[in-house]
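Student:
2 protein chains.
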Amino acid sequence: MKLATLKRGGRDGTLVVVNRALTHCRPVPAIARTLQAALDDWEALEPQLRQVYEALNSGAFTDPEPFDPAACHSPLPRAYQWADGSAYVNHVELVRRARGAELPPEFWTDPLMYQGGSDSFVGPRDPVWALDEAWGIDLEAEVAVITGDVKMGATPTEAGKAIRLLMLVNDVSLRNLIPGELAKGFGFFQSKPASAFSPVAVTPDELGDDWRDGRVHRPLTVHLNGQLFGQPDAGTDMVFNFPQLVAHVTKTREMEAGSIIGSGTVSNKQGGLHGSSIANGGVGYCCLAEVRMYETIESGKPQTSFLKFGDTVRIDMFDRAGASIFGAIDQRVERYPS
Amino acid sequence: MKLATLKRGGRDGTLVVVNRALTHCRPVPAIARTLQAALDDWEALEPQLRQVYEALNSGAFTDPEPFDPAACHSPLPRAYQWADGSAYVNHVELVRRARGAELPPEFWTDPLMYQGGSDSFVGPRDPVWALDEAWGIDLEAEVAVITGDVKMGATPTEAGKAIRLLMLVNDVSLRNLIPGELAKGFGFFQSKPASAFSPVAVTPDELGDDWRDGRVHRPLTVHLNGQLFGQPDAGTDMVFNFPQLVAHVTKTREMEAGSIIGSGTVSNKQGGLHGSSIANGGVGYCCLAEVRMYETIESGKPQTSFLKFGDTVRIDMFDRAGASIFGAIDQRVERYPS
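Chains V and A, in that order, give the protein sequences. Each residue of the first sequence is one higher than the one before, starting from 28 at the first, in the working numbering. Each residue of the second sequence is one higher than the one before, starting from 28 at the first, in the working numbering.
(1) Could you check where the beta strand (DSSP E) with L247/A kicks off and where it finishes?
(2) Out of V266/A, P96/A, M140/A, A221/A, which one is the CA nearest neighbour of D357/A?
(3) Around the C-beta of W135/V, are 16 or more other C-beta atoms found within 10 angstroms, so that it is buried, or is it exposed?
(4) Rounded to whole angstroms, how far is the Cβ of G241/A from the Cβ of N268/A, which I believe are closer than 8 Å?
(5) For the candidate residues L158/V, A57/V, S113/V, whose alpha-carbon lies nearest to that of A168/V?
(6) If we count Cβ pairs, one from each stretch, closer than 8 Å, do we get three or more for the stretch 306-326 of chain A versus the stretch 183-193 of chain A?
(7) Could you tell me the distance, in whole angstroms, from the CA atom of Y321/A to the CA atom of L209/V?
(8) Please report the Cβ distance between V43/V and L33/V, rounded to the nearest whole angstrom; I am assuming they are in contact, meaning their Cβ atoms lie under 8 Å.
(9) Of the choices L315/A, H118/A, F224/A, S286/A, whose alpha-carbon is the least far from that of H250/A?
(10) So if I threshold CB-CB distances at 7 Å, which residues from the stretch 219-234 of chain A count as touching chain V?
(11) For D232/A, which of helix, strand or coil comes out of DSSP?
(12) For a contact defined as C-beta to C-beta under 9 Å, what are the partners of A128/V on chain A?
(13) Is M344/A helix, strand or coil when you go by DSSP?
(14) Classify S332/A as buried or exposed, calling it buried when 16 or more other Cβ atoms lie within 10 Å of its own Cβ.
(15) Could you check the C-alpha separation between A57/A and Q63/A for me, to the nearest Å?
(16) According to DSSP, simplified to helix, strand and coil, what is Q358/V?
(17) In chain order, which alpha helix (DSSP H) runs of at least 4 residues are fully inside the stretch 91-140 of chain A?
(18) What is the C-beta distance between Y141/A and F148/V, in whole angstroms, given that I count them as a contact (C-beta under 8 Å)?
(19) Using a Cβ-Cβ distance under 8 Å, would S286/V count as near chain A?
(20) Just to confirm my understanding: we take D165/V, look at its own chain, exclude 5 residues before and 5 after, and list those with CB closer than 8 Å. What are they?
(21) Which stretch, first to last residue, makes up the alpha helix (DSSP H) that contains E208/V?
(22) Between the Cα of V227/V and those of I324/V, A71/V, A274/V, C52/V, spot the shortest distance and give me the residue it belongs to.
(23) When every heavy atom of the ligand ADP is checked, does at least one fall within less than 7 Å of the C-beta of G289/V?
(24) Assign R47/V to one of three DSSP states: helix, strand, or coil.
(25) DSSP three-state label for Q217/A, please.
(26) Quick one: list the residues of chain A neighbouring L209/V, beta-carbon separation under 7 Å, in chain order.
(27) Taking only three categories from DSSP, how would you classify E169/A?
(28) Flag K278/V as yes if its beta-carbon sits less than 8 Å from any beta-carbon of chain A, otherwise no.
(29) Indicate the three-state DSSP secondary structure (helix, strand or coil) for K29/A in the structure shown.
(30) For a contact defined as C-beta to C-beta under 8 Å, what are the partners of Y141/A on chain V?
(31) Contact criterion: CB-CB distance below 8 Å. Does S369/V meet it with respect to chain A?
(32) My output table needs one value for D25/A: the three-state DSSP class, helix, strand or coil.
(33) P259/A and G311/A - do their beta-carbons sit closer together than 8 Å?
(34) Report back the beta-carbon spacing between S218/V and L204/V to the nearest angstrom; my notes put them in contact at under 8 Å.
(35) Closer than 8 Å, Cβ to Cβ, to anything on chain D: give me those residues from the stretch 96-107 of chain A, in chain order.
(36) What does the Cβ neighbour count give for F88/V, buried or exposed, with the cut at 16 atoms within 10 Å?
Below, the structure written as C-alpha cells:
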C-alpha cells in the first residue's frame, strides 16, 4: 500500500491513498483525515485503507484524482519523533579517517543515533531553505521507517513488528556548523535543519523480496543538478538493520505511533576516491561530505564544494522494473526570504 | 489563563481551562479539543478561551468540574518539538569543575541546547519509569515555554513575542548513561528518557511582574521523599533568557506552534557544598547531580545516591501569596513492567 499527504487541509495536510504506479490518488476522510490519525489506530484502519488501495489499482473508481508529487507535503508534515541512525558505519569510518582518527571498535556493535527535530519538515518538492551558503549545505540521502507503538526495552524482533511504512529522506546537514556544535558536547542542533521525505510512504510488502533482514535491498539514486551522483545499494553495508535501530530508541523509553527512524546516509564500501565516483564505475555517494572525505584522505584537502543556492538534489529509488517506488524527493537550494 | 490536558479522550487528551485557584476546570470542545489545536490557531482561539477562564474565575458556571491534577497528562502529551537549553551556566560550570575541566568562555555567550525526544511524555503524577536503577536516575527541575510559529533567523525580540505559555518540567536524566553516550559525539539519546510537565500551563500574564526580562522570577521548589531539597530562584543566574533560547532554535530552521523550549536545570551560584544545602541555609538544588558535583569538588567523590525505585520527586512553584501557580509535578520512581 502507498500513502501520501497532500498539502491542502491544514498543518497535517490530507491523507491520500496512492496507486502503485503513482498516477492517481484518493482522499479517505471517512477512514482517516491524516497519516498520523491512521497510524494512531493502525490495526483498525489499515484493512480499510488497503481496500481503497486495491480499488485504486484495479481501476474501480471512475473518478480518481491525478497524483501530483508537487502537491505533496512529507508523509508526516510534522512528527512526534524523528531519530536518525548512522547504520552505514563505512560513512562514519570515512569521517574519522579524513580527520586522522580511529573508529572506536564499539561503533560496529552499538548504533550511533542522533535525536532530530520534527516540528517543521518540508515537502519533497519544497526548497532547501538556508540563510547562508557558508553554512556548508549538504544533502544526506537515506531510507527511513515509520513505526507503531513500541514498549520500553523492546527486542529487535519486537521492534521489527512495529515497522509500518518505509520512505526516503533528505536529511539536510549544515557541515560548517557541525564541528563547533559537536565540540560543545550536546550533539547536533542548528547543524540539522528541516528534513524532507519522499512524496509517498509504502508498506514493506510493496518491496517484495527487496525488503528482507530489516533492510531495503535496492540502490538509492541521487542526482545533483541533473547528473547521476550516487546509487549505492541500501541493503549493502547497513551494519544495523531497522529493527535494531528501533530497539536502540526504546532502551530507556516507550516510543509512540508515528515515530520516524532513519538509516543514516547510505554508503557502500569502495576502494577509494577514483574508483568510487560514478564516472569511474563506482556507486558514487549519498552526500557531498563523502566525496570530500575521499578527497581529503587522498590529497589532504577536499575539492568538491557544498551546495550553492540554485543547486538541485533529486533522490529516488526504483523497483526491479525501473518504476519509482516512493516518488522522488526533488529540491532546489534557495535563500530563505528574510 | 491556565490550561491543562485531561488524560481522557485519546492520545492527545482533552483540553480544559482551569481556574486560577486550580480547583475547577471546564472542557472546551467547541473551541479546541486539544492544546495543540488551540496553539495551531492561537490568535483566533485565545480570546474565546480567555472568556471561559474569566467565567470560571468569577463563578459564572453552575457546574464546573473539580480539577484533579492526577487526572492530567502533561499539557502537551506529545509534542512536535522539545529542545532544552542549559541557560543556568553555573550548573554547566559545576559539571566541568567536578571533572577538572575548564568551561569554554563561549558558553557564556552561545547557548548550550540539546534536541529532546517528544513523542511520549508522561503525566505529572505518572511514575518515572526505568528498567534499571543502575542507569543513575536523576531529576532535573526546570521551567519551559510553549511557543507559536517562529520564522527562521528570528531575533530574540521576535522570538519572545511567540511565547504563549509557561510550565514546569522534570527532565529526567540517566546520569550513568551520559558519559558513554556523549563520548560517541552525537549528544544525548538513551540518557534522556520521557519528561513530565506540570499539570497546568499558564499564559505569562499570570505571573504579573514575576515574568520579566524573558525569565520567571520565582523560586522553583523541589522536594525529594517529602524533604525540601531545593528552592533556587528561576530568575537568578539564568544567563540566556527564553527569547534568546527560542532565537537559538530558529537560527537555521522554522519552528512550529506547540514547540516546547526548556531552561535547563535551575541553578543558583552558591559558595560551595556546605553553604548550598537547604539544611545549611542555602537554596539547595534542582538535580542530584549538582550536590554530587559539590561533593566531588570538595572531597574527590560524590556521596549522595541517585534516585532509587520508590523515591518520590515533587516540583512546584508558588506565587507571592503562597499558591501553586502550575500545580505540582509529583512522581514516584518505579520499575517499568516488562
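Think of the CB as a built atom: it goes at the ideal place given N, C-alpha and C, for glycine as much as any other residue.
Tutor: Taking the structure as given:
(1) Within the second sequence, numbered from 1, the residue matching residue 247/A stands at position 220. Note, L247/A: premise wrong, no beta strand (DSSP E); not H, not E.
(2) Indexing the second sequence from 1 puts residue 357/A at position 330. Checking every option, the nearest Cα to that of D357/A belongs to P96/A.
(3) Mapped onto the first sequence, residue 135/V falls at position 108. By the neighbour-count rule (16 or more Cβ atoms within 10 Å), W135/V is not buried but exposed.
(4) If you number the second sequence from 1, residue 241/A lands on position 214. If you number the second sequence from 1, residue 268/A lands on position 241. Right, the Cβ-Cβ distance comes to about 3 Å (below 8 Å), so this counts as a contact.
(5) Sequence index remark: in the first sequence, residue 168/V carries index 141 (1-based). Nearest C-alpha to A168/V: S113/V.
(6) no
(7) By one-based count along the second sequence, residue 321/A stands at place 294. By one-based count along the first sequence, residue 209/V stands at place 182. Computed Cα separation, rounded: 27 Å.
(8) To locate residue 43/V, count along the first sequence from 1; it is residue 16. To locate residue 33/V, count along the first sequence from 1; it is residue 6. The C-beta distance from V43/V to L33/V rounds to 6 Å, short enough to fall under 8 Å.
(9) One-based indexing of the second sequence puts residue 250/A at position 223. Among L315/A, H118/A, F224/A, S286/A, the Cα nearest to that of H250/A is on L315/A.
(10) P220, A221
(11) Locating residue 232/A in the second sequence gives position 205, counting from the first residue. Helix at D232/A.
(12) Working through the first sequence from its first residue, we reach residue 128/V at position 101. In chain order: nothing, as chain A lies at least about 10 Å away.
(13) Numbered from its first residue, the second sequence carries residue 344/A at position 317. Three-state result, M344/A: coil.
(14) As a first step, residue 332/A must be located in the second sequence, where it is residue number 305. Answer is exposed; the Cβ neighbour count stays below 16.
(15) The residue labelled residue 57/A in the question sits at position 30 within the second sequence. The residue labelled residue 63/A in the question sits at position 36 within the second sequence. When rounded, the distance between both Cα atoms is 15 Å.
(16) The sequence position of residue 358/V within the first sequence is 331, counting from 1. Residue state, collapsed to three classes: strand.
(17) 116-125
(18) Residue numbering aside, residue 141/A sits at position 114 when the second sequence is read from its first letter. Residue numbering aside, residue 148/V sits at position 121 when the first sequence is read from its first letter. Rounded, the Cβ-Cβ distance is 20 Å, inconsistent with contact.
(19) The sequence position of residue 286/V within the first sequence is 259, counting from 1. Closer than 8 Å: yes.
(20) As a first step, residue 165/V is located in the first sequence; it is residue number 138 there, counting from the start. Excluding sequence neighbours, D165/V sits near V199, S200, L201, R202, C314, L315, A316, F333, L334.
(21) The residue you call residue 208/V lines up with position 181 of the first sequence. Where E208/V is concerned, the enclosing alpha helix (DSSP H) stretches over 205-210.
(22) The sequence position of residue 227/V within the first sequence is 200, counting from 1. Selected option, being the one with the closest Cα: C52/V.
(23) In terms of ligand content, the structure shown is empty, and the ligand ADP therefore cannot be addressed.
(24) If you number the first sequence from 1, residue 47/V lands on position 20. Correct three-state label for R47/V: coil.
(25) Counting from one through the second sequence, the residue named residue 217/A turns up at place 190. Correct three-state label for Q217/A: coil.
(26) Translated into the one-based positions of the first sequence, residue 209/V becomes position 182. Under the 7 Å cutoff, chain A gives G212.
(27) Along the second sequence, one-based indexing puts residue 169/A at 142. In this structure, E169/A counts as strand in the three-state DSSP scheme.
(28) If you number the first sequence from 1, residue 278/V lands on position 251. Cβ-Cβ to chain A under 8 Å: yes for K278/V.
(29) Taking the first residue of the second sequence as position 1, residue 29/A is located at position 2. Correct three-state label for K29/A: strand.
(30) Numbered from 1 along the second sequence, position 114 holds the residue referred to as residue 141/A. Ordered by position in chain V, the residues that pass the 8 Å Cβ test against Y141/A are Q142, F213, G214, F216.
(31) No information on residue 369/V is available, as it lies outside the stretch 28 to 365 that chain V covers here.
(32) There is simply no residue 25/A to check, as chain A begins at 28 and stops at 365 in what is shown.
(33) What you label residue 311/A is simply residue 284 of the second sequence in a count that begins at 1. What you label residue 259/A is simply residue 232 of the second sequence in a count that begins at 1. Contact flag set, yes.
(34) The sequence position of residue 218/V within the first sequence is 191, counting from 1. The sequence position of residue 204/V within the first sequence is 177, counting from 1. Sure, about 4 Å apart at Cβ, within 8 Å.
(35) This model lacks chain D altogether; the protein chains it does include are V and A.
(36) Sequence index remark: in the first sequence, residue 88/V carries index 61 (1-based). Result: exposed.
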